[in-house]
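Chemist: In my numbering, the protein residues as written are 11 to 88.
All C-beta atoms, glycine included, are put in the ideal place defined by N, C-alpha and C.
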């Protein structure tokens, strides 16, 4: 996949620096995990399945887990 260019705002940059101090995390892994979490929570289940049609077992497990937790959030709001 081609690389994407983006700029962090100052608040996010500070949070990443602090998180890295505490957890010593690889920035690429952090960004990918955070974006995946955000996108899965913003998309509907069918779109996620379509996008990850040939997903590995770890990704499928993550999607199922995220969808279940999202449904819990929806149920609590009603």
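#1: For residue 54 and residue 61, I'd like the C-alpha separation in whole angstroms.
#2: From the DSSP output, in three-state form, read off residue 49 for me.
#3: Rounded to a whole number of angstroms, what is the C-alpha to C-alpha distance between residue 21 and residue 12?
#4: Using the Cβ count rule (16 or more neighbours within 10 Å means buried), how would you classify residue 32?
#5: If you reduce the DSSP assignment to three classes, tell me which class residue 16 lands in.
Modeler: This is what the structure holds:
#1: In the chain shown, residue 54 corresponds to position 44, counting from 1. In the chain shown, residue 61 corresponds to position 51, counting from 1. Roughly 11 Å between the two C-alpha positions.
#2: Looking up residue 49 in the chain shown gives position 39. Here residue 49 sits in helix by DSSP.
#3: The residue labelled residue 21 in the question sits at position 11 within the chain shown. The residue labelled residue 12 in the question sits at position 2 within the chain shown. Approximately 26 Å between the Cα atoms of the pair.
#4: The residue you call residue 32 lines up with position 22 of the chain shown. By the 10 Å Cβ count, residue 32 comes out exposed.
#5: Residue mapping note: residue 16 aligns to position 6 of the chain shown, counting from 1. Looking at residue 16 - three-state DSSP - the assignment turns out to be coil, as it is neither helix nor strand.
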